[in-house]
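Here is the structure we will look at, set down as structure tokens.
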Amino acid sequence: MEIMISLLLIVLIWLLMSVYLIVTLYIVINVVKCVKALFTTMPRRGYKQRFVSKLSLNIRTFLPKRRFIQLIIVMALINIGLYGMSRNSWIDNEEALHVKAKHYLVAGDVLSRQLEVVYAIIHPDSYKIRPLVWLLQGIYALGEQYLPSDDSEKAMWYYRFFIYPYASKDILPYSNLAVKEYFRPYMPHFLGHIFVEFPPLGPMFFYDNGIQNDKLVDKDYREPQIRFLTKSFEILEELSTKPIHDPNMYRAYLQAYPGFAFFYSLKQGYYYNGFQNRQALYKEPWFVEQDRKQLAWYLDFEKKFTDEKVQKLYGKRLAKNKVLLYCALLSMTEDFIEITHINHTFSCEGEPMQTYVRVRNLLVGENANKAPLLRSSKYKELRQLNASQKEKGGVLFELSNQEIDTLYFSYISGYGGMYKHIGTKVCNYSIYGNSHDGADNITYVEKNAEKFVANRYQEFLEKINKTTKTGEKQ
Numbered sequence: 005m006e007i008m009i010s011l012l013l014i015v016l017i018w019l020l021m022s023v024y025l026i027v028t029l030y031i032v033i034n035v036v037k038c039v040k041a042l043f044t045t046m047p048r049r050g051y052k053q054r055f056v057s058k059l060s061l062n063i064r065t066f067l068p069k070r071r072f073i074q075l076i077i078v079m080a081l082i083n084i085g086l087y088g089m090s091r092n093s094w095i096d097n098e099e100a101l102h103v104k105a106k107h108y109l110v111a112g113d114v115l116s117r118q119l120e121v122v123y124a125i126i127h128p129d130s131y132k133i134r135p136l137v138w139l140l141q142g143i144y145a146l147g148e149q150y151l152p153s154d155d156s157e158k159a160m161w162y163y164r165f166f167i168y169p170y171a172s173k174d175i176l177p178y179s180n181l182a183v184k185e186y187f188r189p190y191m192p193h194f195l196g197h198i199f200v201e202f203p204p205l206g207p208m209f210f211y212d213n214g215i216q217n218d219k220l221v222d223k224d225y226r227e228p229q230i231r232f233l234t235k236s237f238e239i240l241e242e243l244s245t246k247p248i249h250d251p252n253m254y255r256a257y258l259q260a261y262p263g264f265a266f267f268y269s270l271k272q273g274y275y276y277n278g279f280q281n282r283q284a285l286y287k288e289p290w291f292v293e294q295d296r297k298q299l300a301w302y303l304d305f306e307k308k309f310t311d312e313k314v315q316k317l318y319g320k321r322l323a324k325n326k327v328l329l330y331c332a333l334l335s336m337t338e339d340f341i342e343i344t345h346i347n348h349t350f351s352c353e354g355e356p357m358q359t360y361v362r363v364r365n366l367l368v369g370e371n372a373n374k375a376p377l378l379r380s381s382k383y384k385e386l387r388q389l390n391a392s393q394k395e396k397g398g399v400l401f402e403l404s405n406q407e408i409d410t411l412y413f414s415y416i417s418g419y420g421g422m423y424k425h426i427g428t429k430v431c432n433y434s435i436y437g438n439s440h441d442g443a444d445n446i447t448y449v450e451k452n453a454e455k456f457v458a459n460r461y462q463e464f465l466e467k468i469n470k471t472t473k474t475g476e477k478q
């Protein structure tokens, strides 16, 4: 029975994706021809007829029978191929468990893989693909009911279908967009999700994540994003606390978890209904508890990197997965360094500070004049120097040039400089990685001090200022 339903779903997916492709091609090609016709059709008698003649409005002219059959066959072969690969991965092997559920979920896998191609050019929230996403949600609902509640495989499938499309692009769902100041008297709020479908119009009239002023937002501004983050945390918690008994799905979990941890830890600031502001959430007990859980989960997952089987599974992506998890750990420890100052419980010997020092040093390795090479974009020499350090080298410098630049600035030389300053000047730890320990960084802390520190931290900042000024005089 499940096999028949699965095959019927594949046929439905094949037909829907074929129709979607034909309609998309029809619209895109005619829009391009329309723009071209505007510039090439002279305004004289018979203008309308000549203009229309340059388009392909007749579906039979646009897609002759032979091409239609060819397209349908190609789409059928794509779906058959994806079904075969997915079935081979999840059903037709000796290790497969929960096969009844997988007959449905394999069909969802076929659809989600095709949607990933669509997501490359269209936002996952787009109305243009809502029917396909609704179908995927229905397929997931059919399959997940046959998965046991004490197994996190259903969470893994949810992640693959509904969270990964955002995580892979480092984006969130659309907010309930805010009308820009000038257009507020004339532009209804509800038009936001319609206008955002048209790239030139959406950013012209509405704010999404680019909001800079909390006064411009309504109380439900981030409601879709908060709902998504809340569900994402539930999935992360299931993956972190429940086992996965299917060996193939467990391997998929190992490959997905570091990226998921990186994505979620980075996006937590969007729980705040306004301009992204993690510090505004530090006094919220639920946020602190989430951070506490994540820190424990990520430290527990870090132990898996020493397993030879896991190392073999990751292969060349071992360094990338380490870096992603380490960055998630840095986000958690940075939160707790500030939270413990608010709560007057900061300790240099506390787990957050010690973990921050250890993980940051694992990322960048010992200094050895790496900063000048990085500033000069001499990546080849940088990698050679890092490799020569062996176990004293930093895992970050095994990544691509762009990844090194982005992550180094985000976690080491940017705002991360404040945490290095605390670790080196206050706690006397050896912390590697170039950061701007000068007055600019302290000025940033002073400007933002009232937002995330208690009175005791004012004395702490004065100590940092004193240390910095002494260093500058020297």
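Those letters in the sequence shown? Residues 5 to 478, by the working numbering.
Every residue, glycine too, gets a C-beta built ideally from N, C-alpha and C.
Quick caveat: nothing in here was measured; it's all calculated off a predicted structure.
Test item: CB-CB of residue i and residue j under 9 Å
i	j	result
L329	Y286	no
S22	L75	yes
E185	L220	yes
I126	N83	no
Y318	I341	no
Y178	P228	yes
L3	K313	Outside the shown range of the chain (5 to 478) lies residue 3, about which nothing can therefore be said.
H102	L176	no
F187	F209	yes
K297	F309	no
N365	I435	yes
Y144	Y123	no
E242	S156	yes
Y415	L367	yes
G263	A171	yes
F291	A265	no
M160	A100	no
F55	T65	no
N390	G398	yes
L481	A41	Within the shown structure, residues of the chain are numbered from 5 to 478, placing residue 481 beyond reach of any answer.
Q149	A105	yes
CA-to-CA distance, residue j to residue i, given in whole angstroms
i	j	result
E288	S335	17 Å
E6	L25	28 Å
G147	S90	15 Å
G206	D212	9 Å
A332	G196	33 Å
I239	P247	13 Å
Y275	R226	7 Å
K396	R321	20 Å
L411	I230	25 Å
A300	N34	55 Å
G383	K37	Per the sequence shown, the amino acid found at residue 383 is Tyr instead of Gly. Going by the C-alpha atoms only, they are around 45 Å apart.
V457	L258	In this prediction, V457 scores a pLDDT of 31, lower than 50, which makes its location untrustworthy; the coordinate-derived value is nonetheless stated afterwards. Those two C-alpha atoms are separated by around 37 Å.
Y131	W18	20 Å
M422	I346	16 Å
Y51	R379	59 Å
P356	G112	41 Å
C3	D409	Residue 3 lies beyond the range of the chain shown here (5 to 478); nothing can be said about it.
R49	F232	56 Å
R387	L377	10 Å
S153	H249	12 Å
H107	S93	12 Å
G418	G437	11 Å
Q280	D224	15 Å
Per DSSP, the bridge partner or partners of residue i
i	result
A484	Only positions 5 to 478 of the chain appear in the structure, and residue 484 is not among them; the question remains open.
G397	G369
Proximity winner among the options, relative to residue i (alpha-carbon distances)
i	options	result
E120	D339, M160, I31, P169	P169
Y30	N62, L151, N277, S57	N62
G369	G354, L400, E385, K384	L400
F72	K106, L386, V27, F209	V27
I215	L366, N373, G278, L367	G278
R164	N405, I198, Q118	Q118
D222	L386, V183, M191, F305	V183
P251	E98, E242, W138	E98
T428	G398, R362, E385, S381	R362
A80	S392, H348, L20, L59	L20
I167	T245, S236, D154, C431	S236
I9	L42, K40, G142	G142
I343	S116, A284, K307	A284
L16	V114, E338, Y190	V114
F199	N180, N217, P189	N180
K271	K316, D174, H348, F202	D174
I426	D295, V39, R70, T337	T337
Quick one: complete alpha helix (DSSP H) runs, 4+ long, within the region 121 to 162? 134 to 148, 157 to 162
Of all the beta strand (DSSP E) runs that stay within the bounds of the region 226 to 279, which reach a length of 3 or more residues? none
Only counting runs of 3 or more residues, tell me where the beta strand (DSSP E) segments fall wholly within the region 336 to 369, in order along the chain. none
Of all the alpha helix (DSSP H) runs that stay within the bounds of the region 58 to 134, which reach a length of 4 or more residues? 63 to 66, 69 to 94, 103 to 123
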